[in-house]
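Enquirer: Pasting in a structure now, in structure tokens, and then I'll have a few things to ask.
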Amino acid sequence: KNGDQPLPRVTQVSIAGTTSTKQPPLKDKSMWSDQEKRIQKINRLARSLLIQGLLNDFYSFIDSNKTTKDLCDALARHMLGSEYGEQDKKAAVLYEYETFKATE
């Protein structure tokens, strides 16, 4: 889902100035607090509701987003991009029309 591009490497810098590309350990789900569990559950439910309301074309475009916020941001970028693209096309056609000069 990430295309042909490799995933970014995480680089950690310590106070001593040394760097490491080792991934930081993820917190095991069994160690999550009640609040973290609630947040994860709400995120899954919100993502599910958003996906259910999308057309297949939009779903395939934003399927790779893991969090609800990322999904909403991608959907907004896609929708606004389409709107601005359409406005640009209309402006270009209007400009061509207004600057049209007949040749004999």
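Just so we're on the same page, this note's numbering is the position in the sequence shown counted from 1, plus 987.
From the three backbone atoms N, C-alpha and C, an ideal C-beta is built for every residue, glycine too.
1) Look up Asp1118 in the DSSP assignment and say whether it is helix, strand or coil.
2) At the level of alpha carbons, what is the spacing between Leu1037 and Lys1024?
3) By how many angstroms is the C-alpha of Met1066 removed from the C-alpha of Arg1031?
4) Which one of Ile1029, Gln1022, Leu1062 and Thr1054 has the shortest CA to CA distance from Gly1040?
5) Identify which residue in Thr1090, Arg1034, Asp1044 and Tyr1084 has its Cα closest to the Cα of Lys1053.
Expert: Considering the structure as presented:
1) Outside the displayed range of the chain (988 to 1091) lies residue 1118, so it cannot be described from this structure.
2) For Leu1037 and Lys1024, the distance between alpha carbons rounds to 20 Å.
3) Going by the C-alpha atoms only, they are around 23 Å apart.
4) Taking Gly1040 as reference, the option from Ile1029, Gln1022, Leu1062 and Thr1054 with the minimal CA-CA separation is Leu1062.
5) With respect to the C-alpha of Lys1053, the residue from Thr1090, Arg1034, Asp1044 and Tyr1084 having the closest C-alpha is Arg1034.
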